[in-house]
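In the UniProt record's numbering, the protein residues as written are 1 to 267.
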C-alpha cells in the first residue's frame, strides 16, 4: 500500500477509538454531571442530527473548494469540542464530524480502493475494540482527553497527503445519485434503530443493574470482536449461501455499524 493511502486509511479508521469508548461512557459521563436521562437522550440524539448536517455542509464545501482544508476545519472543531466537553456537556454536539471527507480523499487517490476500504474497515473495528477497553484503565475525563487527542491525530495524518482534487469552485446542493442512494438505503434504515438504542444502552444498564463503565467495557469489546469476525467471514458466507440469502440469514450486527463487505451493487 502506498504511503499516502496508508495515512488516509489510518486517519479515517482511528475514529474507532472514540466510537468504541464513547458508546460505553458518554451517557454515563453526562449522568455523572447531574443530567437526567431525558436531557442525556436529547444531547446524544441532537449530536447525530447536528453532525449529519455538518457532514453535508463540509461535503458541499469540499466538492466546491477542495476537501483537505475542510478536513482541517472539521477535525479541528471536533478535537476542540472534545476538550470543551470536560466543562460543557453540550460541546459533544460538535465533536464527531469530518471523517467522511477523509474517506472521500481516500476514494479519489487510492489505486486499489477495494483493498484500501477493507483495511479501513478492519482497522476501524480493531480500534473500536481498543476504545471499548479504555474504561478499564481510565476515568471519564481521561477517556475524553484521549478522544480529543485521537481527533487531532486524524487531522495530522492528513497533512502529508497531497490532494489532487481542486474542486468545482461552485457550491451546489444538487444530488444526482438518488438512484444509488436508494439502493444503499437499507443500511440507513438500520441506523434508525441503532440511533434510538445504542447511545442510551450503557445508561440503561447502569440504571437497571447498577453496571459501571469498567464492568460494561469487556462486553462492548466482545461485541466489537464478533463484528470483526462476521465481517471477516461475510465473503465466505456470501459465496456459500449467495449474497442476498447471507444478508437475510445473518442480520447486521446490533451495534449499528453494519459492514456488508460482500454485497456489490451494479450501478
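A virtual CB, placed ideally from N, CA and C, is assigned to each residue, including glycine.
None of these values were measured; they are calculated from a predicted model.
Within 8 Å, strictly: CB atoms of residue 135 and residue 213
The residue given as residue 135 occupies position 135 in the chain shown. The residue given as residue 213 occupies position 213 in the chain shown. The answer is yes: Cβ separation under 8 Å.
Is the beta carbon of residue 151 sitting closer than 8 Å to the one on residue 75?
Counting from one through the chain shown, the residue named residue 151 turns up at place 151. Counting from one through the chain shown, the residue named residue 75 turns up at place 75. Yes.
For residue 31 and residue 206, I'd like the C-alpha separation in whole angstroms.
To locate residue 31, count along the chain shown from 1; it is residue 31. To locate residue 206, count along the chain shown from 1; it is residue 206. Near 10 Å, if we compare the C-alpha coordinates of residue 206 and residue 31.
Assuming contact is defined by CB atoms lying nearer than 8 Å, are residue 40 and residue 21 in contact in what I supplied?
Translated into the one-based positions of the chain shown, residue 40 becomes position 40. Translated into the one-based positions of the chain shown, residue 21 becomes position 21. Result no, Cβ atoms of residue 40 and residue 21 do not sit closer than 8 Å.
What residue from 125, 141 and 216 has the CA that sits closest to residue 13's CA?
Residue mapping note: residue 13 aligns to position 13 of the chain shown, counting from 1. Ranking 125, 141 and 216 by Cα distance to residue 13 puts 125 first.
Simplified DSSP state of residue 69, which is helix, strand or coil:
Looking up residue 69 in the chain shown gives position 69. Here residue 69 sits in helix by DSSP.
Measure from the alpha carbon of residue 110 to the alpha carbon of each residue in 42, 210 and 164, then state which is nearest.
The residue you call residue 110 lines up with position 110 of the chain shown. Of 42, 210 and 164, the residue nearest in Cα terms is 164.
At the level of alpha carbons, what is the spacing between residue 16 and residue 132?
As a working mapping, residue 16 is identified with position 16 in the chain shown. As a working mapping, residue 132 is identified with position 132 in the chain shown. Their backbone Cα atoms lie some 9 Å apart in a straight line.
With 16 as the cutoff for other CB atoms within 10 Å, does residue 108 come out buried or exposed?
Locating residue 108 in the chain shown gives position 108, counting from the first residue. Classification of residue 108: exposed, given that the 10 Å Cβ count is below 16.
Helix, strand or coil: how does DSSP classify residue 150 here?
As a position in the chain shown, residue 150 is number 150, starting the count at 1. Note: residue 150 maps to helix in three-state DSSP.
Three-state secondary structure (DSSP) of residue 15:
Reading the chain shown from its first residue, position 15 is the one you call residue 15. Note: residue 15 maps to helix in three-state DSSP.
Endpoints, alpha helix (DSSP H) assigned at residue 129:
Position 129 of the chain shown, counted from the start, is the residue given in the question as residue 129. Taken as a continuous stretch (DSSP letters only), the alpha helix (DSSP H) holding residue 129 covers 113 to 133.
To which residues of the same chain is residue 78 closer than 8 Å at the C-beta, ignoring the five residues directly before and after it?
The residue you call residue 78 lines up with position 78 of the chain shown. Hits under 8 Å: 94, 95, 96, 97, 98 and 151.
Which residues mark the beginning and the end of the alpha helix (DSSP H) in which residue 107 is found?
Position 107 of the chain shown, counting from 1, holds the residue named residue 107. Counting along the chain, the alpha helix (DSSP H) containing residue 107 begins and ends at 99 to 109.
Considering only residues of the same chain and omitting the five flanking positions on each side of residue 228, which have a CB-CB separation below 8 Å?
Counting from 1 along the chain shown, the entry for residue 228 is found at position 228. Here the set comprises 122, 125, 126 and 129.
Report, in whole angstroms, the separation of the C-beta atoms of residue 8 and residue 102, which I expect to be a contact under 8 Å.
Your numbering for residue 8 matches position 8 in the chain shown. Your numbering for residue 102 matches position 102 in the chain shown. The pair is a contact, with the Cβ atoms about 6 Å apart (cut-off 8 Å).
CA-to-CA distance, residue 170 to residue 233, given in whole angstroms
On the chain shown, residue 233 is found 233 positions in, with the first residue counted as 1. On the chain shown, residue 170 is found 170 positions in, with the first residue counted as 1. In a straight line, the C-alpha of residue 233 is about 43 Å away from that of residue 170.
Three-state secondary structure (DSSP) at residue 20?
Locating residue 20 in the chain shown gives position 20, where the first residue counts as 1. Residue 20 falls in the helix class under three-state DSSP.
Would residue 204 be called buried (16 or more neighbouring beta carbons within 10 Å of its own) or exposed?
On the chain shown, residue 204 is found 204 positions in, with the first residue counted as 1. Residue 204 should be labelled exposed.
Proximity to residue 138 [Cα-Cα], best of 215, 157 and 53:
The count along the chain shown starts at 1 and reaches residue 138 at position 138. Of 215, 157 and 53, the residue nearest in Cα terms is 215.
Take residue 23 as the anchor and find which of 237, 223, 240 and 117 has the nearest alpha-carbon.
Locating residue 23 in the chain shown gives position 23, where the first residue counts as 1. The shortest Cα separation from residue 23 among 237, 223, 240 and 117 belongs to 223.
Secondary structure of residue 257, DSSP reduced to three states
By 1-based counting over the chain shown, the position of residue 257 is 257. Confidence at residue 257 is low in this model, with a pLDDT of 48, below 50, so the placement of that residue is unreliable and no value is reported for it.
Buried or exposed, going by whether 16 or more other CB atoms sit within 10 Å of the CB of residue 43?
What you label residue 43 is simply residue 43 of the chain shown in a count that begins at 1. Buried, because 16 or more other Cβ atoms sit within 10 Å of the Cβ of residue 43.
Identify whether residue 51 lies in helix, strand or coil by the three-state DSSP scheme.
Within the chain shown, residue 51 is the residue found at index 51, counting from 1. Residue 51 falls in the helix class under three-state DSSP.
Whose C-beta lies closer than 7 Å to the C-beta of residue 37 among residues of the same chain, with five residues either side of it excluded?
By 1-based counting over the chain shown, the position of residue 37 is 37. Answer for residue 37: 203, listed in chain order.
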